[in-house]
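To start, the structure under review is shown below, and the notes come after it.
Residue numbers (this note's numbering), protein chains in the order written: chain L, 969 to 1281; chain D, 969 to 1281.
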């Protein structure tokens, strides 16, 4: 079973406006609210592809009611730890005229210590059945620094590998704690490590203790960085679509392979890049196109040589 | 008692971002959620100034829970008709770097016929104690065309004058139904009447049956248009501040005077302009500065002569 933890979930709203103009007042048509957060997207994708999954997260307040109802309706197996503070909201404002999407994510409210302990307890309870642990998404401001390292260490003690997709200091702490896989994008890597070249940054995380860094590069595909190699996978031609959730689909691919005991970096890189691309073809995060095998056949995979620019997506 | 009806309330959120960029992803600090809608703002201002008020509106869904809790905490007397659909949300995105505020209002969901009937029933129950009825704000898409005229007619039968602050076809229907006062801004007036000159547009609403049109002009103050006169009031110098809710404060001033039996257009115009200006000095809609009497002393009031531009705010 793939166990995912989402420490800072969000109720995702989509609002459509004719044209978004800074400083103006707009009328919006509201789409359906959806339970969001990277770990939930990972679980949705893996579950839809037939994997056994369990998504752990928190919910609270009026937004938590809608969040819990939507995740229950989705059919994705889950456990929700009740918290006092309201689940944050995230709004995607879609400009119908230009097609731009502007995203505003509330930062989220830090759970109390007993609430963190309850979430940790759910992980401990579920670990004996888990083949891989995925920790995905941001942490709310003020979150205990020990939370991610503690999860990684506890999973290791249970013989369960961990895949971590987060940013900032938590990404570096995950490397120090010996995460099996880290999945930053280039900007997150530069910001977290302070190293201008993302490949050097990825190598620094390997040196700290991570086994594999999957470095997502948007339309340029993905790198797999290990202690010995750097492989680059990309599609033979760019795809048009919605990049939201592409990284989560890559994490889901990695989780499915790790749960099956497959850890060969090239196999993981190929599947993660194909599922990321297949997510771009879908309108919502947490879904991938059934065409992912065709996309996998279009991958160009080669050892990486050149230096990356800091502003690679 | 001042009775206000808000047919399309909203849960108002304020989000602060460093810099709002169309097409980008932002992290927002969320402020407190507040029960919003123009009729509620009118009731808040009048209540804070010591008037007897009752605010009638609807609430539903997860947002309705927060809406009802906030209006209850505010201390403003109110009755909330429960509806099945969720109360809409409205978000003000404040750009901390430039100070711009970008507003996104969900359109709102039309109540069912029995829910409209329940709201109408609350008005009928409250009218015997009312000295003036205020109908403020937009109507949700698909709202029955008869709702505003029916309220105006029912109030007239009960000997209660009506003040209507709405837009589009509902504004014209309110004039046809013989509203005592209409409070459009210049853009709303041009859009509703199709007449390019706002003063001519206001006169057309008087010809249809309204007694007084208070035409708000933003920093240029306000006009009072009756069958015989057009008076212009403005401050001697512009004010810096937050114009959100300035129109509602003007309506509150008018309502307080009408509830006291004062209907002289110049007196109403002076108080409405002073309270509008006093709202600009406050950070939140639904509040006015205690300095409104000083601002009233700074008013320049004169018969209106020149033609207004269509783009006056």
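Just so you know, even glycine gets a beta-carbon here, dropped at the ideal spot from N, CA and C.
Test: residue i CB closer than 8 angstroms to a CB of chain L
i                       : result
residue 1073 of chain D : yes
residue 1034 of chain D : yes
residue 988 of chain D  : yes
Short CB-CB distance (under 8 angstroms) between residue i and chain D
i                       : result
residue 969 of chain L  : no
residue 1278 of chain L : The pLDDT assigned to residue 1278 of chain L is 45, lower than 50, so where the model puts this residue is not dependable; a value taken from the coordinates is nonetheless given after this. No, no contact with chain D.
residue 1195 of chain L : no
residue 1131 of chain L : no
residue 1216 of chain L : no
residue 1061 of chain L : yes
residue 1041 of chain L : no
residue 998 of chain L  : yes
residue 1124 of chain L : no
Chain D contact residues for residue i, given Cβ-Cβ distances below 8 angstroms
i                      : result
residue 992 of chain L : 1070, 1071
Within chain L, the residues that residue i reaches when beta carbons sit closer than 8 angstroms
i                      : result
residue 983 of chain D : 1072, 1074
For residue i, the nearest candidate out of the options (CA to CA)
i                       : options                        : result
residue 1076 of chain D : D:1032, D:1248, D:1205         : D:1032
residue 1102 of chain L : L:1110, L:1055, L:1140, L:1021 : L:1021
residue 1008 of chain D : D:981, D:1217, D:1130          : D:1217
residue 1065 of chain D : L:990, L:1071, L:1119, L:1062  : L:990
residue 1054 of chain D : D:1192, D:1182, D:979          : D:979
residue 1088 of chain D : D:1052, D:1061, D:1047         : D:1047
residue 1094 of chain L : L:1106, L:1119, L:1079, L:1114 : L:1119
residue 1013 of chain D : D:1042, D:1027, D:993          : D:1042
residue 971 of chain L  : L:1067, L:1024, L:1083, L:1221 : L:1024
residue 981 of chain L  : L:1137, L:1061, L:1269, L:1098 : L:1061
residue 1251 of chain L : L:1067, L:1056, L:1028, L:1045 : L:1067
residue 1178 of chain D : D:1151, D:1071, D:1082, D:1226 : D:1151
residue 1222 of chain L : L:1129, L:1136, L:1262         : L:1129
residue 1230 of chain D : D:1100, D:1086, D:1040         : D:1100
residue 1192 of chain L : L:1159, L:1148, L:1109         : L:1148
residue 1058 of chain D : D:977, D:1015, D:1136          : D:977
residue 1182 of chain D : D:1145, D:1162, D:1232         : D:1232
residue 1269 of chain L : L:1261, L:1235, L:1262         : L:1235
Any C-beta of chain A under 8 angstroms from that of residue i
i                       : result
residue 1168 of chain D : Annotation note: the requested chain A is absent from the structure, which comprises protein chains L and D.
Secondary structure of residue i, DSSP reduced to three states
i                       : result
residue 1218 of chain L : helix
residue 1073 of chain D : strand
residue 1009 of chain L : helix
residue 1046 of chain D : strand
residue 998 of chain L  : strand
residue 1279 of chain D : Here the model assigns residue 1279 of chain D a pLDDT of 46, short of 50, so the residue's position is not dependable and the matter cannot be decided.
residue 1020 of chain D : coil
residue 1273 of chain L : coil
residue 1265 of chain L : helix
residue 1118 of chain L : helix
residue 1238 of chain D : helix
residue 1055 of chain L : coil
residue 1093 of chain L : helix
residue 1026 of chain L : strand
residue 1161 of chain D : helix
residue 1223 of chain L : helix
residue 1186 of chain L : helix
residue 990 of chain D  : coil
Contacts of residue i in chain D (Cβ-Cβ under 9 angstroms)
i                      : result
residue 995 of chain L : 1072, 1073, 1074, 1075, 1106
Neighbour list for residue i in chain D, Cβ cutoff strictly below 7 angstroms
i                       : result
residue 1030 of chain L : 1030, 1031, 1033, 1034
Near the ligand ADP: residue i beta-carbon under 7 angstroms from a heavy atom
i                       : result
residue 1181 of chain D : With respect to the ligand ADP, the structure offers nothing, as it holds no ligand at all.
Q) Touching or not, the region 989-998 of chain L and the region 1247-1264 of chain L, by the rule of three or more beta carbon pairs under 8 angstroms? A) The count of Cβ pairs closer than 8 angstroms, one atom from the region 989-998 of chain L and one from the region 1247-1264 of chain L, stays below three, leaving the stretches out of contact.
Q.
With a threshold of 8 angstroms, are at least 3 pairs of Cβ atoms found where one atom belongs to the region 1205-1214 of chain D and the other to the region 1165-1174 of chain D?
A. The region 1205-1214 of chain D makes no contact with the region 1165-1174 of chain D, as fewer than three CB pairs between them are under 8 angstroms.
Q: Tell me, please, whether the region 1184-1203 of chain L touches the region 1149-1168 of chain L by the rule of three or more beta-carbon pairs shorter than 8 angstroms.
A: The region 1184-1203 of chain L, when compared against the region 1149-1168 of chain L, does touch it at the 8 angstroms Cβ threshold.
Q: Decide if the region 1034-1041 of chain L is in contact with the region 1241-1248 of chain L; the criterion is three or more beta carbon pairs, one per stretch, under 8 angstroms apart.
A: Inter-segment contact for the region 1034-1041 of chain L and the region 1241-1248 of chain L is absent: fewer than three beta-carbon pairs are separated by less than 8 angstroms.
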